[in-house]
Amino acid sequence: MNLAIARLIEKTTILLRKIKDSRDVFPYNRTQSIFVINKRVDGMKKIMMTLAATVLMAAPSLAADIAAGKAKSAVCAACHGQAGVSAVPMYPNLAGQKEEYLKKQLKDFKSGARKDPVMAPMAMPLSDEDIANLSAYYASLK
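Residue numbers (our numbering): 256 to 397.
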């Protein structure tokens, strides 16, 4: 599971616990009944659970596989270096680049929107999943 998604789930769980605990100490005045306070807390719980469910349902499509990207990067390493740092100045370093930037460049090479006689044939056989995985891998390197 993607680390960011795991953290979001963890934070959601913590918030739900805090909401449950706050039911006992929720500040209210005499005009508010405990019923109104419980209703507010329940509403907050529903919002948090909806958010968590949405993230979990979207997770498989959002999460790129860094390990798969590393495995696929063997071809890239010939020019861009083993860890994404090129020894040859004419080839750019990929390590630490923004994930979205790398995705866009690979998609542009693949579609022909960006022309390069070396990169176009390299990007052509890559699937969208391969592009996402490679981009996540190189973005994870510092």
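Even glycine gets a Cβ: it sits at the ideal position worked out from N, Cα and C.
Between GLY324 and ASN388, the CB-CB gap stays under 8 Å.
A buried status is given to LEU357, since no fewer than 16 other beta-carbon atoms sit within 10 Å of its beta-carbon. Each of TYR392, ALA375 and ASN348 was checked against the Cα of LEU361, and the nearest Cα belongs to ALA375.
Of the other Cβ atoms in all chains shown, 16 or more fall within 10 Å of the Cβ of SER328; this residue is therefore buried.
DSSP, reduced to helix, strand and coil, places GLN360 within a helical segment of the structure shown. Counting the other CB atoms within 10 Å of its CB gives LYS266 a total below 16, which places it among the exposed residues.
Taking a C-beta distance under 8 Å as the contact criterion, CYS334 and VAL343 qualify as a contact pair. Burial check for LYS365: the Cβ neighbour count within 10 Å reaches 16 or more, so the residue is buried.
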